[in-house]
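Numbering (mature numbering (1 follows the signal peptide of the UniProt record, and there is no 0)), first residue to last: -20 to -1, 1 to 432.
Note that the Cβ used here is the ideal one computed from N, Cα and C, for glycine as well.
Have a look at the structure below, then the notes.
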Amino acid sequence: MGNCFLASLVLFSFLDPLLSAPAPAPAAPRPATSSQQSSPPRAPAPTVAPAPPTTFLGTRPPVFLLPGSGASTLDSTWTNSTLKAACSPTAATSTIWLQDINTLTGDPTCIQAALLLTFNSTTSLWQNNSNAQITPHDYGGVTGVVGIPVDNVFLHPIWSAMVQQLQSQGYTIGSNLFGAPYDWRVSFYTLQQIGYFARLKNSIEAAVKANNNTRAVICGHSLGTLVSTYFLTSATTAAWREEYVAAYFSYSGLYAGASVAFTQFIEGNSYGFAVSPSRLWAAARTWGSLVQRSPVPHVWGNQVLISSRAKKYTASDMRQLLYDLNLTQQVSTYDRIYSSVANLTMNPLNVDTYCIMGNSIQTAVNLAYDVPTFNGSVPLSGANVTYGGGDGVINQISLDECLSLDPVAVYNFTGIDHGGVLGDPMVMKIFLKALSTYTNPPSPSATSNMHG
């Protein structure tokens, strides 16, 4: 299969509903089984029909939405005067991901200069380069997480359906409904260093206190499930979670990595747009977050995931693959970053957890490149793809790792893809019913219905 497919596919391990990867076969029928600042105005989201009213018998729990990679809008404040004059001549801060399609399809200077990370040898972390400061757009609001508006056309709905449905149920943005966008290029450790987790923690505390001490609900999608789970297990204490977090909803969880995770290092990523994946190849090779998506060996075993003519790579060989791609700085950080994910589901969350996922859509599991060896000198394309089960982006073996979090309920939806779970009416109905059990005071009847 050629790079057009792979571009979309890799995109959506990580660019959330931004474009569910096209499956090579039609989706199966409907669901399924259940068990247990200076930027131009945002384009309007596509309208979705409101769900039937849900009964909230007490104060509504505040909801926090964490998107996946590529799904947080990013703003750029240029510190390089030459680049500022060329890339944002009229505004101190502008949206770099992604307001103008020409930023991606035209001269790549601006987007590459902004999204390229610099390795700090003192901290062993990847960080913003000296050209620009990149920050997520509208933290605490929702315009940075509802979708990616390009040229004032709303292209990729992410949390837009969720936001509209919650508003129809009486939620108010900035009062009990919050977006928590983040810089999806960087690892957990960089997010920790730049204060993202402290900010999220403070935001949750403030929201809980402002809403009659009603504990919060966290929703994560794709890479956002890893960020959410890391926050709950490593950036907070059990006592804090008991006081401030009622539930965690995991959508399309990436808990054991994806077989195609490292293809961005090999060929780049078009993020679903009509450009060559190689356009962002150089920048993607610096993104520490990609290592967090590495397949987990104790889950994947000896399955061959990527190969050249000379060598086959299993989950245990991803560090060697980075070395063969001449990514020496990524190699130096691999053990530290990877270890933050490898055992992520082995720690108890101590909050009600819901695993929500699609299945039965063909998903790439092995990519074979017709080259003698990998050397990282140029971006490649044209991998031969072997498929397995999953949601079209995340492999089933990784989705199923959510069950290690000891969830109170697991929902598998046949034929709904990676991004589709966020807007599907049945999924939304299930979410709203569960959400109504976390009011303050709670609804005993609703609670027994959900957990009985």
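* **N- and C-terminal bounds of the alpha helix (DSSP H) containing residue 326** => Segment: none, residue 326 is in no alpha helix (DSSP H) and carries neither H nor E.
* To do: Keeping to the same chain, check which residues put their C-beta closer than 6 Å to that of residue 259; ignore five residues upstream and five downstream.
  => 88
* To do: Using the Cα positions of residue 41 and residue 143, report the straight-line distance between them to the nearest angstrom.
  => 14 Å
* Asked: Should the region 306 to 326 be called in touch with the region 97 to 106, which here means at least 3 C-beta pairs below 8 Å?
  -> yes
* With distances taken between CB atoms, is the gap from residue 169 to residue 116 smaller than 8 Å? -> no
* Asked: In chain order, what residues of the same chain have a beta carbon less than 8 Å from the beta carbon of residue 93, not counting five sequence neighbours either side?
  -> 60, 63, 67, 109, 111, 112
* To do: Determine, using beta carbons only, whether residue 385 and residue 325 come nearer to each other than 8 Å.
  => yes
* Kindly indicate which residue of 227, 158, 350 has the alpha-carbon position closest to the one of residue 292. => 350
* Relative to the C-alpha of residue 166, which residue among 410, 305, 304, 268 is closest? -> 268
* To do: Apply the 10 Å Cβ neighbour rule to residue 433 and answer buried if 16 or more other Cβ atoms are within range, or exposed otherwise.
  => The requested residue 433 does not occur in the structure, where the chain is confined to residues -20 to 432.
* I think residue 348 touches residue 364, with their Cβ atoms under 8 Å apart; what is that distance to the nearest whole Å? -> 4 Å
* To do: Would you grab the beta carbon distance between residue 199 and residue 401 for me? Rounded to a whole angstrom, and I think it's under 8 Å.
  => Not quite, the Cβ-Cβ distance comes to about 11 Å (not below 8 Å), so this is no contact.
* **Backbone CA spacing between residue 301 and residue 72 [nearest angstrom]** => 40 Å
* Closer than 7 Å: residue 378 CB and nearest the ligand GTP heavy atom -> Absent from the structure shown: the ligand GTP. Ligands present: none.
* **DSSP three-state assignment for residue 517, whether helix, strand or coil** => This structure cannot settle anything about residue 517, because the visible part of the chain is limited to -20 through 432.
* Asked: First and last residue of the beta strand (DSSP E) that includes residue 277?
  -> No beta strand (DSSP E) holds residue 277; the alpha helix (DSSP H) holding it covers 277 to 280.
* Coil, strand or helix - residue 402 by DSSP -> helix
* To do: Would you tell me roughly how many angstroms separate the C-alpha atoms of residue 226 and residue 197, rounded to the nearest one?
  => 6 Å
* Asked: Leaving out the 5 sequence neighbours to the left and right, which residues in its chain are closer than 7 Å to residue 366 when beta-carbon positions are compared?
  -> 345, 346
* Asked: Is residue 265 buried or exposed, if buried means 16 or more other CB atoms sit within 10 Å of its CB?
  -> buried
* Asked: If we count Cβ pairs, one from each stretch, closer than 8 Å, do we get three or more for the region 120 to 128 versus the region 373 to 392?
  -> no
* State the CB to CB distance for the pair residue 275 and residue 285, rounded to an integer number of angstroms; the pair is presumed to be in contact (CB under 8 Å). => 6 Å
* Kindly indicate the opening and closing residues of the beta strand (DSSP E) around residue 332. => 332 to 339
* Assign residue 375 to buried or exposed, taking buried as 16 or more other Cβ atoms, counted over all protein chains shown, within 10 Å of its Cβ. => buried
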